[in-house]
Structure formats: structure tokens, C-alpha cells
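Visitor:
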Amino acid sequence: MCPKKILCIEDNPSSRLLIRKILERNHFEFHEADNGISGIKKAREIRPDLILMDINIPGMDGYETTTRIKGIPDLKNIPIVALTGQSGQGDRERTLIAGCDGYLTKPIIARDLPRKIQGYLTGNRERVAGVEEGNYLREYSQRLVNKLEGKIFELAEKNLQLQEYGQKMERVYIGVMSSLMNALEQKDPYTAGHSTRVTRLALTMGRRMGLSSEELNTLTRAGELHDVGKLIIDLSSINKTARLSAEEWIRMKEHPTIGARILMPLTFLHQEIPIVAQHHERWDGRGYPNGLAGDDLNLMTCIITAADSYDAMTSARCYRKSVTPPEKVIEEIDRCRGAQFHPEVAEALITLIEGKEVPLPL
67 MCPKKILCIE DNPSSRLLIR KILERNHFEF HEADNGISGI KKAREIRPDL ILMDINIPGM
127 DGYETTTRIK GIPDLKNIPI VALTGQSGQG DRERTLIAGC DGYLTKPIIA RDLPRKIQGY
187 LTGNRERVAG VEEGNYLREY SQRLVNKLEG KIFELAEKNL QLQEYGQKME RVYIGVMSSL
247 MNALEQKDPY TAGHSTRVTR LALTMGRRMG LSSEELNTLT RAGELHDVGK LIIDLSSINK
307 TARLSAEEWI RMKEHPTIGA RILMPLTFLH QEIPIVAQHH ERWDGRGYPN GLAGDDLNLM
367 TCIITAADSY DAMTSARCYR KSVTPPEKVI EEIDRCRGAQ FHPEVAEALI TLIEGKEVPL
427 PL
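Note that my numbering gives residue 245 to position 179 of the sequence shown, counting from 1, and the numbers run on in steps of one.
1) Do you know offhand how far E159's Cα is from K224's?
2) Do you know how far the Cα of E420 is from the Cα of L285?
3) Determine the burial state of P79: buried for a count of at least 16 other Cβ atoms within 10 Å of its Cβ, exposed for fewer.
4) Tell me the start and end of each unbroken alpha helix (DSSP H) in the segment 348–421 that is at least 4 residues and wholly inside, in chain order.
5) Assuming H260 is part of the alpha helix (DSSP H), what are its boundary residues?
6) Contact between the segment 124–137 and the segment 91–98 is defined here as three or more beta-carbon pairs at a separation below 8 Å; is this criterion met?
7) Is the segment 110–119 touching the segment 128–145, taking contact as three or more C-beta pairs under 8 Å?
8) Verify the contact flag: H345, CB atom, against every heavy atom of the ligand NAP, threshold strictly below 7 Å.
9) What are the boundary residues of the beta strand (DSSP E) that M119 is part of?
10) Tell me the residue span of the beta strand (DSSP E) that contains V147.
11) Measure the CB-CB distance between I298 and I324 and report whether it falls below 8 Å.
12) Determine the direct distance from the alpha carbon of D293 to that of H321, and round the result to whole angstroms.
13) Can you grab the Cα-Cα spacing for the pair E413 / K422, in whole Å?
14) Grab the span of the beta strand (DSSP E) containing K87 for me, first residue to last.
15) Check for me: the alpha helix (DSSP H) holding G107 runs from which residue to which?
16) Within 10 angstroms of the Cβ of T371, are there 16 or more other Cβ atoms? Answer buried if so, exposed if not.
17) Taking the C-alpha atoms as reference points, what is the distance between L329 and L310?
18) Given a threshold of 16 other Cβ atoms within 10 Å of its Cβ, counted over all protein chains shown, does V197 qualify as buried or as exposed?
19) Measure from the alpha carbon of E314 to the alpha carbon of each residue in L277, P391, K296 and R327, then state which is nearest.
20) Could you give the residue range of the beta strand (DSSP E) that holds G168?
21) Is it right to say L428 is buried, meaning 16 or more other beta carbons lie within 10 angstroms of its own, or is it exposed?
22) In three-state terms, what does DSSP make of A99?
23) Compare the C-alpha of P341 against each of D377, E290 and Q406 and name the closest.
24) Are the beta-carbon atoms of D43 and N101 separated by less than 8 Å?
25) Taking A378 as the reference, give the member of V395, C368, I85 and L365 with the closest Cα.
26) When we look at the beta-carbon of S104 and count the other beta-carbons within 10 Å, is it buried (16 or more) or exposed?
27) Which value, in whole angstroms, describes the spacing of the CA atoms of A326 and E220?
28) Between the C-alpha atoms of L332 and M243, what's the straight-line distance to the nearest angstrom?
29) Among the candidates L89, N356, L84 and E410, whose CA atom is the shortest distance from the CA of I72?
30) What does a CB cutoff of less than 6 Å around V264 pick up in its chain, not counting 5 residues either side in sequence?
31) To the nearest angstrom, how far is the alpha carbon of E111 from that of E230?
32) Could you check how far apart the C-beta atoms of Y354 and H346 are, in whole angstroms? I think they sit under 8 Å.
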């Protein structure tokens, strides 16, 4: 006849050793675990005939471990006997309500333990008196609810910490990209500060057009990163004073697509990536890289496009030393309204220029 398997879930090594000696001397097969999680794992593995459960194990205590084991179909009929060194009023009833079938107090008495275990193995079960059972059941249910609420709060705190860490990393990523863009622009005195100016103007236009705070944040990031694809383009083409060759122009027109590709792994920029990819598209569909038009372009893209064009018109360039005066800028924007520019965006920009709410050319 095979010996009965006894699993002892107890965090105290001395107690486990004592119980092992007593049980093995009486021909039981002894198994052990020092916490609730490993105890459940061991129970699944060996399917014991009985479990001795220390109620005060750290972490997931004996009450919760018992409840979990009793909730596992393959283990629910295994008798569980509580062990405790602190026997207070109501402790026995609480362990039985949690699912234990018996209750033993420490210190363990060597001559009594085998006999009591044998009794539980043959069907002995302790019960809570009917009058008291409802009270203890409600108390235990509330205990579980409180514990669950505590775990939910703990998870919420950890999620908040992860969210804050994620936001910090987002700022780091954007800061690195912006620093690279600034370094690129500083190499050319004609484009120095371009991304900053585009961002500031885009925000001014966005506020004028009633964008939400979330949309303004998106505009900020998109403005700072809209030319990030130029990090991969040959600088000699960007700063060339002569007309670009057909091959150079094709390469230059790739920078929106390259920029979107650079940012693609940064999933938190999912709103900004299309803006970077489309900031050289036109309202009439004659832009690049994909010839998108009208409602295929979102409002934030159209704002960045207009701000980018405004800065190009009002800043000196290696191929154009003088800047366009304000009245000419207004004429050009008005002429391109509904063609290069979203009509409402063009109207907002003209209003800002006329009201001197944007930087005027020096």
C-alpha cells in the first residue's frame, strides 16, 4: 500500500523539519513548501492526500492559499488542516470558513499529530456552529473584499508609476530627437531655429483655431520633429545654393517618409507620425510624397504645413538672402488658399500676421 502524501506549507524551517520527522517515522510521504504560491504549485504537481497549512505564512497567507486551493477543481476535495501558533478567539472558525477541514495549534505534539492526520484522512471534518457560521462567513468575505481592494489599489499605484516612467521616457526620446534636429539646423545658419519657430507658430495657430490641449501637445511634438528625416539626407543637398538636380530633388522629397520611418517604433507618437509623413502634402493634392488632398489631411497636418511654409518665406536661405516682406507673405498665403493651404488654416494665419501675433521678418 502506497504511503499517504502529506504536503506541509510552512515558512518556518524548524517546524517543517519537526513535522517531517514525525510523519516519516509514521510512514507518511512528506512534501513541503515555504509559501502559498509554491504550495499551490506543489499541490498541483503531487496531488497530496492532505495539506497542513500554516495560517500565518508571509505574502499570500494561509487563509487565501486555502481558498485558492479549494477553488481548483482537481484539488478542492483534498482535506486542508490549519496550523497556527497564535490561537485567538475566532481563529478556528475563520480557518474553517476559509475552507480548512481541521484546526491544529502549535507546538506540535508528536504523539497526537499522526493520529489526528489519520482521522482527517478517513473523513473527520470540523464545522462551525450554524448560528456563528453566517457571522464568520460575512467577516471572511469582507476580509477578502478588503484584500482585493488593496491589491487593486497596489496595481493602480504600480500602473501609475509605469505610466509616469513611460511619460519620462517619452520626454527623453523627444528630447534626444529634438537635440539632434537642433544640431542639424545649427550646421546651417539659414535654418537654425527652424523647428522651434515652426512649433511656436503652429501652437499660436492651433490656439486660434480652438484645438484641444491634447491636440496642442501633438502639434508641439510634431513641430519639433517634422524634419527629423533630414538627419538621413545628405547635408550638401539641403544647403546647396544652386538648383537641385532631379536626383537630389527626389532624395530631398524622401525626408517626410524617412522621418515617419525613424519615429515608427515609438508607438506613443502615433498621432505625430502621420503629420511628419504628410507635412509637404498640399490641400489640392499636388504635394509629396503621396499626393494626398483635402479631407485626407487632418487639421494638425495642415497647420504644420502652413507654419513650415511661413517660416520658409520669412527666413533667409542659402539660395535666397533676402526675406519676403509681410504684405507679400499675406498675398502669397491668400493666393495659395485652397491650393497649397487648407482654406481655414490660411485664413487663421493671415489674421495672425495682420494682427502682428506672429514673428515678423527681420
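All C-beta atoms in this analysis are idealised placements derived from N, C-alpha and C, irrespective of residue type, glycine included.
Guide: In this structure, then:
1) Locating residue 159 in the sequence shown gives position 93, where the first residue counts as 1. Locating residue 224 in the sequence shown gives position 158, where the first residue counts as 1. Roughly 35 Å between the two C-alpha positions.
2) By one-based count along the sequence shown, residue 285 stands at place 219. By one-based count along the sequence shown, residue 420 stands at place 354. Rounded to the nearest angstrom, the two C-alpha atoms are 23 Å apart.
3) Counted from its first residue, the sequence shown places residue 79 at position 13. Burial call: exposed.
4) 365–380, 392–401 and 409–420
5) The residue labelled residue 260 in the question sits at position 194 within the sequence shown. H260 -> alpha helix (DSSP H) spans H260 to R274.
6) Not touching, per the Cβ criterion.
7) Segment contact: the segment 110–119 against the segment 128–145, three or more CB-CB distances shorter than 8 Å; contact assigned.
8) With respect to the ligand NAP, the structure offers nothing, as it holds no ligand at all.
9) Looking up residue 119 in the sequence shown gives position 53. Bounds of the beta strand (DSSP E) holding M119 are L116 to D120.
10) Taking the first residue of the sequence shown as position 1, residue 147 is located at position 81. Run containing V147: I146 to T150, per the beta strand (DSSP E) assignment.
11) Translated into the one-based positions of the sequence shown, residue 298 becomes position 232. Translated into the one-based positions of the sequence shown, residue 324 becomes position 258. Against a cut-off of 8 Å, the Cβ pair of I324 and I298 comes out as a contact.
12) Position 255 of the sequence shown, counted from the first residue, corresponds to residue 321. Position 227 of the sequence shown, counted from the first residue, corresponds to residue 293. One C-alpha to the other measures close to 7 Å.
13) On the sequence shown, position 347 is the one that residue 413 refers to. On the sequence shown, position 356 is the one that residue 422 refers to. Just so you know, the alpha carbons of E413 and K422 end up roughly 14 Å apart.
14) Start at 1 with the first residue of the sequence shown, and residue 87 comes out as number 21. That residue, K87, is in no beta strand (DSSP E); its alpha helix (DSSP H) goes P79 to R91.
15) Indexing the sequence shown from 1 puts residue 107 at position 41. The amino acid at residue 107 is misidentified as Gly; the sequence shows Lys. Unbroken alpha helix (DSSP H) run through K107: G102 to I112.
16) Within the sequence shown, the letter at position 305 stands for residue 371. T371 should be labelled buried.
17) Position 263 of the sequence shown, counted from the first residue, corresponds to residue 329. Position 244 of the sequence shown, counted from the first residue, corresponds to residue 310. Their Cα atoms are separated by approximately 27 Å.
18) Here residue 197 corresponds to residue number 131 of the sequence shown, with the count starting at 1. A caution first: V197 carries a pLDDT of 43, below 50, which makes its placement in the model unreliable, though a value can still be read off. Exposed is the call here.
19) In the sequence shown, residue 314 corresponds to position 248, counting from 1. Across the set L277, P391, K296 and R327, the C-alpha of K296 shows the shortest separation from the C-alpha of E314.
20) Residue mapping note: residue 168 aligns to position 102 of the sequence shown, counting from 1. G168 to T171 is the span of the beta strand (DSSP E), which, as asked, contains G168.
21) Taking the first residue of the sequence shown as 1, we reach residue 428 at position 362. At L428, the pLDDT of 40 sits below 50, so the modelled position is not reliable; the number obtained from the coordinates is stated separately. By the 10 Å Cβ count, L428 comes out exposed.
22) Taking the first residue of the sequence shown as 1, we reach residue 99 at position 33. In this structure, A99 counts as strand in the three-state DSSP scheme.
23) Translated into positions along the sequence shown, residue 341 becomes position 275. Contrary to the premise, residue 341 reads as Ile rather than Pro in this sequence. Selected option, being the one with the closest Cα: E290.
24) The first residue shown for the chain is 67 and the last is 428, placing residue 43 beyond what the model contains.
25) The residue given as residue 378 occupies position 312 in the sequence shown. Ranking V395, C368, I85 and L365 by Cα distance to A378 puts V395 first.
26) Numbered from its first residue, the sequence shown carries residue 104 at position 38. S104 should be labelled exposed.
27) Translated into the one-based positions of the sequence shown, residue 326 becomes position 260. Translated into the one-based positions of the sequence shown, residue 220 becomes position 154. Approximately 38 Å, taken between the alpha carbons.
28) For the purposes of this step, residue 332 is identified with residue 266 of the sequence shown, where counting begins at 1. For the purposes of this step, residue 243 is identified with residue 177 of the sequence shown, where counting begins at 1. Cα to Cα, the separation comes out at about 11 Å.
29) Here residue 72 refers to the residue found at position 6 when the sequence shown is read from its first residue. For the residues L89, N356, L84 and E410, the minimum Cα distance to I72 belongs to L89.
30) The sequence position of residue 264 within the sequence shown is 198, counting from 1. Within the same chain, Cβ atoms closer than 6 Å to the Cβ of V264 are found at G289, A373, D374 and D377, the five residues on either side in sequence being excluded.
31) Reading the sequence shown from its first residue, position 45 is the one you call residue 111. Reading the sequence shown from its first residue, position 164 is the one you call residue 230. Distance between the alpha carbons of E111 and E230: 40 Å.
32) Within the sequence shown, the letter at position 288 stands for residue 354. Within the sequence shown, the letter at position 280 stands for residue 346. Yes, they are in contact, since the Cβ atoms of Y354 and H346 sit about 5 Å apart, within 8 Å.
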